[in-house]
Amino acid sequence: MDTLYIEKSKTLENGEFPHMRNKEKYKDSIKDEKVVENGDTTHDVLSSDGNISESKKERLSTSEILDIRKTKYGPSCMLFFEQAPLRIERGSGQYMFDEEGTRYIDCINNVAHVGHSHPRVTEAAVKQMKQLYTNNRYLHDNLPRLVEKITQTMPTDLSVCYFTNSGSEANDLALQLTRMFRHRHDIITLDNAYHGTVTSLQQINPYKWKQVEKETSDMYRSQWVHVVPAPDSYRGKYRDDEYTMEELTDLYVQEVQQVVDDLRGQGRAPAALILESMQSCGGQIIYPLGYLKGIKRIMDECGGLIIADEVQVGFGRVGDHWWAFQQYGADFVPDIVTIGKPMGNGHPVAAVVTTKEISQSFKLPYFNTYGGNPVSCAIALAVLEVIETDGLMENAKIVGNYLMDQMRELASRHQCIGDVRGRGLFCGMDLVLDRTTREPATELAKYIVGKLRYDGVILSRDGPHENVLKFKPPMCFSKQDVDEVITKIDKLLYEF
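Under the numbering used here, read the sequence shown as residues 7 to 502, first letter to last.
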């Protein structure tokens, strides 16, 4: 007799998921959940005849898990909190729980976009998996429905989709599209950028180059890749304590113009400039308002394309718009947009969205085993529905503004906070040793993140100096979560 194991996790108050608006409709799917003592989760065993019996799933000890990871798993695959790693067993909304049931506020998981273990997303996945999984070479309703849904959120010209299974695949395909469209190879990228893990993207990832010895990073550097300064007005090449915003915007735009001019002198021209619509790994960087329009003008003049990487920052995270590039004005429209991480709420699904003209120039037959399969499309459709029905864009705006206000208030009392910046639920707190010199307080950031881990908060730090506290939580994050996290950071800043 065939059996299907379905792991169940304890819900929060009264068996409800706090991030759901329509709890009553889905109560039956979440009310019958149990957790046994000592943190072991019970598992329903569902037989082919529909009968359910209880069975405890054998668990590995934490030491066994660590031993296998140490001896048989890639050593460059790092853990959060390496000295005291967390064993996370389950999640609900904006919270995660360890094997002892300890709750952690998740401030960094932009993959579980609509909340961990959202019932409607899970339901959509299970329903479709029970019915059919196959590739996209067969006709199925889910693919065209997802195409229509995504393109409706984009500017009119961005009307053609390709589906992949990761942001890395999406960005790699975007590079292929640009190079075939223009018959050029050169790519312009921003300093401190990160766009994915495949070889073509490691070549445009200055963020990664800086984490290894020069001998290793040189393996990925390419004569076809040209790095321009990230338009970071706080600690970039041109800063807001030295120039007006208009002046520094022009200076950063001119850096792009210089690369284009240098290439022209060699009889070359860029195929594309790729950038995140807000730079994440670079330290939660929000670009000066005129920057994207300025570089778009330059790229249009030289025939190059703009690729907007929305893999980390898209799907309503900025609060006012579906896509972060839209916050810079309706007259800025990239030629290609890549989307990913939040698209499946943890399930691997991503996409490239571009114009009809660019897509028609791509003559290489393209097939992706997993891209556009019915299960992935069903999950992505459910995520998009939840964003709308649960009002998560509005929540990102309201709670994000509240978070920014609380961080500014914190900065008024702590001189070690040099800058707070962000849009919606994409925010950063730049810690400094001195507000005048803006010397980064890397050890302080490390101290705070490490201490919060023991106080029920998961937060990370990033940026070229790893001194920026990074907020990009699930979109159901609440004002109460903000209050709890800020209170704990406040206490730690006084203690350090």
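Where a beta carbon is used, it is the ideal one built from N, C-alpha and C, also for glycine. If you're wondering where the values come from, they're calculated on a predicted model, not measured in any experiment.
Between Val265, Asp247 and Ile364, which lies nearest to isoleucine 194 when the distance is taken from Cα to Cα? It is Val265.
Contact belief for isoleucine 393 with valine 120 at Cβ below 8 Å, rounded distance in angstroms: The beta-carbon distance between isoleucine 393 and valine 120, rounded to whole angstroms, is 6 Å. This is short enough to meet the 8 Å contact definition.
Using the Cβ count rule (16 or more neighbours within 10 Å means buried), how would you classify cysteine 433? Answer is buried; the Cβ neighbour count reaches 16.
Near leucine 499, which residues of its chain fall below 7 Å by C-beta distance, leaving aside the five closest residues on each side in sequence? The answer, listed in chain order, is His420 and Cys422.
Where aspartate 55 sits in the DSSP three-state scheme: Only weak support exists for where aspartate 55 lies, its pLDDT of 45 falling under 50; the coordinates are left without a value.
Going by the CB atoms, is the gap between phenylalanine 331 and leucine 298 shorter than 9 Å? Remark: C-beta atoms of leucine 298 and phenylalanine 331 approach each other more closely than 9 Å.
Sequence ranges, beta strand (DSSP E) only - wholly within the segment 245-317, length at least 3: Here the runs fully enclosed are 276-282 and 311-315.
With DSSP collapsed to three states, give me the class of alanine 503. Lying before the first or after the last residue shown, residue 503 is absent from the chain, which here runs from 7 to 502.
Please say whether aspartate 341 and isoleucine 312 have beta carbons closer to each other than 9 Å? Contact: yes.
Cut-off 8 Å between Cβ atoms - residues of its own chain near tryptophan 215, not counting five sequence neighbours on either side: These residues qualify, in order along the chain: Ser223, Tyr226 and Arg227.
Return helix, strand or coil for asparagine 351, following the three-state DSSP convention. Asparagine 351 falls in the strand class under three-state DSSP.
Own chain, CB closer than 6 Å to glutamate 501, minus 5 neighbours either side, in chain order: Non-local beta-carbon contacts of glutamate 501 in its own chain, meaning distances under 6 Å to residues more than five positions away in sequence, are absent.
Would you call isoleucine 345 buried or exposed, if buried means 16 or more other Cβ atoms sit within 10 Å of its Cβ? With 16 or more Cβ atoms within 10 Å of its Cβ, isoleucine 345 is classed as buried.
Identify the continuous beta strand (DSSP E) that holds threonine 170 and give its terminal residues. That run of the beta strand (DSSP E) goes 166-170.
Looking at C-alpha atoms only, which residue of Glu248, Asn211, Glu400 and Glu219 is the closest neighbour of valine 233? The candidate whose alpha carbon is nearest that of valine 233 is Asn211.
Between the segment 381-393 and the segment 351-371, do at least 3 Cβ pairs fall closer than 8 Å? Short answer: they touch.
DSSP three-state assignment for aspartate 487, whether helix, strand or coil: Helix.
Classification of phenylalanine 23 by the beta-carbon crowding that lies within 10 angstroms, buried from 16 upward: Caution applies to phenylalanine 23, whose pLDDT of 45 falls short of 50 and renders its modelled position unreliable; the value that the coordinates give is listed next. By the neighbour-count definition (other C-beta atoms within 10 Å, threshold 16), phenylalanine 23 is a buried residue.
Please state if the CB of histidine 201 and the CB of proline 480 are separated by a distance shorter than 9 Å. Contact annotation: proline 480 and histidine 201 have beta-carbon atoms that are not nearer than 9 Å.
Taking 9 Å as the cut-off, decide whether the C-beta atoms of alanine 199 and glycine 288 are in contact. Glycine 288 is positioned such that its CB atom lies closer than 9 Å to that of alanine 199.
Taking a contact to mean a Cβ-Cβ separation below 9 Å, would you say valine 117 touches lysine 347 in this structure? In this structure, lysine 347 lies closer than 9 Å to valine 117 by Cβ.
In whole angstroms, what is the alpha-carbon distance linking leucine 370 and alanine 314? Each residue's alpha carbon lies about 22 Å from the other.
Which same chain residues end up closer than 6 Å to glutamine 263 when comparing Cβ atoms and leaving out the 5 residues on each side of it in sequence? Short of 6 Å from the beta carbon of glutamine 263, and not among the five residues preceding or following it, lie these beta carbons of its own chain, in chain order: Ile304.
Presumed contact (8 Å Cβ cut-off) between lysine 485 and tyrosine 408, rounded CB distance: Sure, about 5 Å apart at Cβ, within 8 Å.
Tell me, please, whether the segment 454-466 touches the segment 85-94 by the rule of three or more beta-carbon pairs shorter than 8 Å. Contact between the segment 454-466 and the segment 85-94 is established, with three or more Cβ pairs separated by less than 8 Å.
Spell out a yes or no on whether the segment 268-279 and the segment 246-254 are touching, meaning 3 or more CB-CB pairs, one atom from each, closer than 8 Å. Counting C-beta pairs with one atom in each stretch, the segment 268-279 and the segment 246-254 have fewer than three that are closer than 8 Å, which means they do not touch.
Using alpha carbons as the reference points, say which of Thr162, Leu138 and Ile291 lies closest to serine 239. Looking at the Cα atoms, Ile291 is the closest of the given residues.
What is the DSSP secondary structure of glutamate 472, reduced to helix, strand or coil? Coil, per DSSP.
Within 10 angstroms of its Cβ, does valine 491 collect 16 or more other Cβ (buried), or is it exposed? Looking at its Cβ environment, which holds 16 or more other Cβ atoms inside 10 Å, valine 491 is buried.
Are the C-beta atoms of threonine 162 and some chain C residue less than 9 Å apart? Checking the listed chains, one finds no chain C in this structure; it contains a single protein chain.
State the Cα-Cα distance for the pair glycine 335 and lysine 155, rounded to the nearest angstrom. Roughly 22 Å separates the two Cα atoms.
Return yes when the Cβ of phenylalanine 103 is within less than 9 Å of the Cβ of isoleucine 114, no when it is not. Cβ distance not < 9 Å, so isoleucine 114 and phenylalanine 103 don't count as in contact.
Looking at the strands, I want to know which residues DSSP matches up with valine 359. Answer is Cys167 and Val343, bridged to valine 359.
Rounded to the nearest angstrom, what separates leucine 149 and proline 380 at their Cα positions? Leucine 149 and proline 380 have their alpha carbons spaced roughly 7 Å apart.
Reducing DSSP to helix, strand and coil, say where phenylalanine 187 ends up. Taken through DSSP and simplified to helix, strand or coil, phenylalanine 187 comes out as helix.
Does the beta-carbon distance from alanine 236 to alanine 356 come in below 9 Å? Not a contact, by the Cβ cut-off of 9 Å.
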